[in-house]
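Protein chains: 6
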Amino acid sequence: MLKKIKSGQIVYGTCITSTSPTWPAIALRAGLDFVFLDTEHIPLERMEIARMCQTFRAMGIAPIVRIPSPDPYRACQMMDAGAEGIVAPYLERPDQIEELVGALKYRPLKGELLDKVLANQDGIDPPLKQYLDKWNEGNVCIANIESVPALNRLEELLAVRGLDAVFIGPHDLSISLGLPEQYDHPVFEDAVKKIIRIARQNNLAVGIHFSESPERQIRWMKEGINLIIHSSDLALFSQRLQSDMNAIKEAAGVTGHQSDNSGNVV
Amino acid sequence: MLKKIKSGQIVYGTCITSTSPTWPAIALRAGLDFVFLDTEHIPLERMEIARMCQTFRAMGIAPIVRIPSPDPYRACQMMDAGAEGIVAPYLERPDQIEELVGALKYRPLKGELLDKVLANQDGIDPPLKQYLDKWNEGNVCIANIESVPALNRLEELLAVRGLDAVFIGPHDLSISLGLPEQYDHPVFEDAVKKIIRIARQNNLAVGIHFSESPERQIRWMKEGINLIIHSSDLALFSQRLQSDMNAIKEAAGVTGHQSDNSGNVV
Amino acid sequence: MLKKIKSGQIVYGTCITSTSPTWPAIALRAGLDFVFLDTEHIPLERMEIARMCQTFRAMGIAPIVRIPSPDPYRACQMMDAGAEGIVAPYLERPDQIEELVGALKYRPLKGELLDKVLANQDGIDPPLKQYLDKWNEGNVCIANIESVPALNRLEELLAVRGLDAVFIGPHDLSISLGLPEQYDHPVFEDAVKKIIRIARQNNLAVGIHFSESPERQIRWMKEGINLIIHSSDLALFSQRLQSDMNAIKEAAGVTGHQSDNSGNVV
Amino acid sequence: MLKKIKSGQIVYGTCITSTSPTWPAIALRAGLDFVFLDTEHIPLERMEIARMCQTFRAMGIAPIVRIPSPDPYRACQMMDAGAEGIVAPYLERPDQIEELVGALKYRPLKGELLDKVLANQDGIDPPLKQYLDKWNEGNVCIANIESVPALNRLEELLAVRGLDAVFIGPHDLSISLGLPEQYDHPVFEDAVKKIIRIARQNNLAVGIHFSESPERQIRWMKEGINLIIHSSDLALFSQRLQSDMNAIKEAAGVTGHQSDNSGNVV
Amino acid sequence: MLKKIKSGQIVYGTCITSTSPTWPAIALRAGLDFVFLDTEHIPLERMEIARMCQTFRAMGIAPIVRIPSPDPYRACQMMDAGAEGIVAPYLERPDQIEELVGALKYRPLKGELLDKVLANQDGIDPPLKQYLDKWNEGNVCIANIESVPALNRLEELLAVRGLDAVFIGPHDLSISLGLPEQYDHPVFEDAVKKIIRIARQNNLAVGIHFSESPERQIRWMKEGINLIIHSSDLALFSQRLQSDMNAIKEAAGVTGHQSDNSGNVV
Amino acid sequence: MLKKIKSGQIVYGTCITSTSPTWPAIALRAGLDFVFLDTEHIPLERMEIARMCQTFRAMGIAPIVRIPSPDPYRACQMMDAGAEGIVAPYLERPDQIEELVGALKYRPLKGELLDKVLANQDGIDPPLKQYLDKWNEGNVCIANIESVPALNRLEELLAVRGLDAVFIGPHDLSISLGLPEQYDHPVFEDAVKKIIRIARQNNLAVGIHFSESPERQIRWMKEGINLIIHSSDLALFSQRLQSDMNAIKEAAGVTGHQSDNSGNVV
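Chains as they are written, first to last, in the working numbering: chain A, 1 to 266; chain B, 1001 to 1266; chain C, 2001 to 2266; chain D, 3001 to 3266; chain E, 4001 to 4266; chain F, 5001 to 5266.
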């Protein structure tokens, strides 16, 4: 996956929340490049993540795990469990991104020596550098940008060396902007465009995670999005179930059940 | 659920294969009356079934479990785990249905005395009968009819006292007819119509489990189907994922991934 | 445990249904000799049983597992999982007990040769006998006697060589007698006394599983019961919770919640 | 639950530690308003908590989860898993309570903007406020007060806006007072009375978690406790098992096993 | 795997009993063609088997599952869970092998029609045959031959059409011969040689499962074994741990712990 | 275990990563004193750790758990789950060791009072001290020393009162020294010798965790190591599987698969 995004290719994925052993085959048939495993909002722990990562990796689908908080220890646990990349949520400060880079690009170096290296990424001995590069090969380091304070510091944040990509969390961003779920509001759109622009200037891949119709992904793809993180098993199953059931009940003369998308936010 | 189908109401459900704790809320939002939990083809064991049954029952959604073979011991285990009804697969002989009735309507009676009761359902002492009726209140006894030998003995099979409903397995039935997956073939359609007709003569509810577009359910509903067992989480998620991804990739200029429904058969 | 019951000692146990890792320490503190793990009514599968058996055995508490049906394959699976003894439910015929003896006393012998050995337990070669005796050392073979047909054949059933003990299932027995839950009815009491008498004549241990007050165990202990299988975690927790809550609510002036013991039957 | 405690009603619950699928029905039969799920001392992770929360909520029993440390990220994970309220343990500083309020009352707001809001809870835009109020409706925010430093700062701690209730941890409190397990010591009693008094002045509900006889709850209920968090499945099962077994063994002439309540502390 | 054994190639595997998510990578590094997942003796249920099968298949390692008894329903469940082949234990009669062939080569055909087809494997309609062949493509049907009665009927057993391979269970075979664990006894060796000879005459692959030193596999490979099912994770871990610990303790001057291989039998 | 190491005895253990219920018996047969359960690198959560700890403790084998980061809350959770000792990874500062001592030797004291006690371990009231000593009896407090900054502060670190033992992490240490995996390099060897020397001066037990041949343990045992933490189930199984498979394939004329030890690092 890292190679693909570094070469500017579009990669495709969805969020998988179910541990069902029949799910990975569905992702494979749908031609996905990656799956997004969200441990921030979904109750998945290390054992479940490890099992899912092993299966997806064996299928050639990159498992990208979001950790619940910007905690480098948690990032390392997920990499040990088989993740190919980490998303840290709600980053607002450069040191949070640096810590993530430390976990993704410089392990098994830790502690005070790692702090020194992060303060000066060029100051590392070549033989050790080579060892660490091999150890961390292919790891994808992704920052969730989803708040006004992050927007205000965007140039600084996205310039942190070692960062590979940006995920925009539209729900949190809309709330931080004081425009909850108003994804068509011009202020919201400007914010997204700004993130795309600065991400691209820094040669970072960028994606936005919507759980609605594919049109939203297509619209933003045209604006430069190249990480297509589209919806989730939860939302896709729920949307199709409701639309099918509504059609059947209507045919049966039952007054239609209201469509309800609450709970689809990840 | 038993009351609803006895009064001729249409009931709505889908097949749930994932144990994800976020799933039941989706079923609730979609207004389902029941869920079909298939332990014949899906690797779900007693512990998982028990957890799912507890949650669905607490939500007022009836969990109906299919057992892997016509085994009354297995039926009892699933009832103890919290099922509200049992589907036994591929029934072809009246004694198989009687054994199922024994498990659903006469427990905790077992062994030789149960055999005697099943041979003569009127010969049971009234006080014991009353106790057993209360114990088994609301249990739904469902036969899978899905083969030519079953079709040939249909009057006899569906006349077994205690049976409440019939589930048609279209995939197995089409194969037994020598017409694999030819669901529009007139011979297949005649077979389905025959099952509906004789089920209704015996005052049994009847359903057919398709994992395709809602049009199939609607078409058969007009022919008299009143157990709407529509698709599965697996198929619904897969279908919507593929259609969304195809739309997105097309917009990106990627030649579309072929739609593939294999693996959706339950 | 086998040694203790063979020497006529009373052994004490309860039924454990929860897989909680904090439970075994409670059993240990209560001074139990064995625990009864019921896979007939409780949704516990091989993995859970294996984990529970390992821990209880390591504590010196014998795990005795009831299988869901008189199936020697299932008995072997539970022994492989770490059980120290097996209870087969609702036995009514000598061949069912013989099959259980085959699984508990003659494994790994199987198939046609085992059938031959069971037909003539003396006809086995001494060196092989010695090997099998060592392999099966300490295994406890227990029959559930809980029906009128079993009562009628009791001498024959309890004379099967290799059987070690009898568990009386009072609930099933009362139903088979047409006296559901009438545990003080003289016909019920006579049935229990008959089982105790013939068990003792055959030098078998005998127990009865009640989930009510300890007085019932004490009363039957005086009649000769020496396997004290008293209540279950489910019933004990429920009874104490209800009695404590009733006391608290009464003190708060809330009209007492009705005591309800349904669901305590195992 | 929030409504009930805000209106001054007494609510009743126990601590549930077992994940057994048969447990929730026991809680329902006992007429509980809430269950206390303790992830501080009991090895329960997100997946287990999510399953338990789904089932209890569907039954109308509020699941209240204690997190292992005062960590707002962990509080959010438990709310996402289905908790209706959070207890944070061993709080001693107002900022710890504010962070908890942030997680329970202002999500999905996070990061620097949340810090600003917590510093001035009135400074939030009305439309956003309305959105956040709806999102967090019914969430119950509970502080564990169980140490001398907390007692010393009690007025300040319990005045934090957004806090709904106080749980007293008697074991930790007795140790912090230098009076381990001396729950009848006047200094201990004065401390509890002080917490009750100040909680009530701030219109907060208040409870104390004992795992002993109901008399303790009743005694403190008379002093003003209105969150009855009585004992745990672990303690209730253990206490009843020991008392029943002691009665049986005594009748058998076995010298009684010593009653031992260690291990019942949660 | 089926192609390889049909073309006479040697295939290599071991028995995996642990569900640990880090295990499959070890099998991959060791260059295995298949893994043997034994549900006869090891407490693994459908959910665990399904997870293991998904991961091993994704890695290109064929999961071969042994079922606990010759039960075609169980065989189908394991195939649905992702197995690539089935071993049925302790087969002694041709109808047992035919039922296994029915489950592995003719599904989803079931019931009376399947019985008819098994009685006359040529009497099936070509279009249906083609459908079934595609459905069952690559499935490997394996019989455990491990008893004297099976030896006596070997020609008949191994001539059943649809059977692909034979697994010899040396432990059971030695017991059935009255020579427990005497794997070097000439009578035992003659029995193995006979099985190899007749298997090869029927163009079947053949393997023998030892959990000892590789020399045994090598010795029998030279006699014609081409399914190398060598040892198990359990035995390999245990043997290496004991030999390393003995070396270390000897160096420490501790008198060596006795090597003990009991418990390594699968 | 604490008694043994305090008296200077050598104790023997391995790292167990698999939750398989058949594993503990292997550890028992191998005569281990302790097992090392690593939650830093291995995806094991509280529920799995709790189950493993219960079983190992019941067998008289001490479960020693490594936590993922120097977090006293996590240490307490693992002690509550049944651990007999805790290893905290990559310690470089005295306050990190003090916090660990707080969690292992002074619980249930917490918060500000604990901080005070840690600042002055003699300033605690005798009756409370006695209570806490009993509560924490036998707990083993272990520091992972595996970096240059830790080496530089070694005297100070190992002098923290309450610390019982030191585990050397050779992999991390070699990287911190800029000598990745060069375990025979004189600079690496000098570092290990220094740790052994200062540990022994402070009367601490000391171990080093290699996953290679037993010779490394023996060599360092002669230098003073007395906690033998040798290899892991993962490495032992992998090494033996590869060596056996290589022998078999060589005999079959297959060009040997390269031995590969990557992935064995814990």
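Backbone N, C-alpha and C define an ideal beta-carbon position, used for all residues, glycine too. Model, not experiment: these values are computed from the prediction.
- Exclusion of the five residues before and after Leu1154/B leaves Ile1145, Lys1194, Ile1195, Ile1198 as the residues of its chain whose Cβ lies within less than 8 Å of its Cβ.
- Per the C-alpha coordinates, the member of Glu5181/F, Leu5158/F, Gly5162/F positioned closest to Gly5169/F is Glu5181/F.
- Chain-order list of chain D residues neighbouring Leu2236/C: Leu3236, Phe3237, Arg3240, Leu3241, Asp3244, by C-beta distance under 8 Å.
- Using a Cβ distance threshold of 8 Å, Val1140/B and Glu1223/B do not count as a contacting pair.
- In this chain, the alpha helix (DSSP H) harbouring Phe1237/B covers 1233-1251.
- Comparing C-alpha distances from Lys5134/F to each of Pro5108/F, Leu5118/F, Asp5122/F shows the shortest one belongs to Pro5108/F.
- Looking at the backbone, the Cα of Met4001/E and that of Val4011/E are separated by about 8 Å.
- The beta carbon of Pro5063/F sits no closer than 8 Å to any beta carbon of chain E.
- Counting along the chain, the unbroken alpha helix (DSSP H) around Tyr131/A starts and ends at 126-135.
- In this structure, the CA atom of Glu3040/D is about 53 Å from the CA atom of Gln2130/C.
- Those residues of the stretch 1099-1118 of chain B placed with their C-beta closer than 7 Å to a C-beta in chain C are Pro1108, Leu1109, Lys1110, Gly1111, Glu1112, Leu1113, ordered along the chain.
- Rounded to the nearest whole angstrom, the C-alpha separation of Leu128/A and Leu4104/E is 54 Å.
- In this structure, DSSP gives His2171/C a helical state, which the three-state scheme calls helix.
- About 6 Å separates the Cβ atoms of Ala75/A and Leu100/A, confirming a contact at the 8 Å cut-off.
- Apart from the 5 residues on each side of it in sequence, Ser5018/F sits with its Cβ closer than 6 Å to the Cβ of Asp5233 in its chain, given in chain order.
- Ile3061/D sits away from Val3087/D, with the two beta carbons spaced by 8 Å or more.
- Within a 10 Å sphere around the beta-carbon of Ala3205/D sit 16 or more other beta-carbons, which makes this residue buried.
- Between Met5059/F and chain C, the shortest Cβ-Cβ separation is below 8 Å.
- In this structure, Thr4022/E keeps its C-beta atom at 8 Å or more from the C-beta atom of Leu5241/F.
- Closest by C-alpha distance to Leu1118/B, out of Asp1095/B, Leu1179/B, Leu1132/B, Asp1125/B, is Asp1095/B.
- Distance from the CA atom of Glu48/A to the CA atom of Tyr5073/F, rounded to whole angstroms, is 23 Å.
- Nearest to Ile1042/B by C-alpha distance, out of Gly4082/E, Ala4025/E, Asp4033/E, is Gly4082/E.
- Under the DSSP definition of a beta bridge, Arg2066/C partners with Asp2038/C, Val2087/C.
- Cβ contact annotation for Val4160/E (same chain, cutoff 7 Å, sequence separation greater than five): Pro4094, Ile4097, Glu4098, Val4101, in chain order.
- Residue range 2140-2145 is occupied by the beta strand (DSSP E) that includes Asn2144/C.
- Residue contact check for His185/A against chain D: no CB pair falls below 8 Å.
- Near chain D, meaning a CB-to-CB distance below 9 Å, the residues of the stretch 146-170 of chain A are Glu146, Ser147, Val148, Pro149, Ala150.
- Around the CB of Gly207/A, 16 or more other CB atoms lie within 10 Å, so the residue is classed as buried.
- Across the stretch 5021-5042 of chain F, CB contacts with chain C closer than 7 Å involve Pro5021, Pro5024, in sequence order along the chain.
- Shown here, Thr1055/B sits in a helix according to DSSP, grouped into three states.
- Per the coordinates, the alpha-carbon of Leu2113/C lies some 45 Å from the alpha-carbon of Met3245/D.
- In the DSSP assignment, Phe210/A forms a beta bridge with His230/A.
- Glu2092/C is classed as buried because its beta carbon has at least 16 other beta carbons within 10 Å across all chains shown.
- Residue burial is scored here from C-beta neighbours: Ser1213/B has fewer than 16 other C-beta atoms within 10 angstroms and is therefore classed as exposed.
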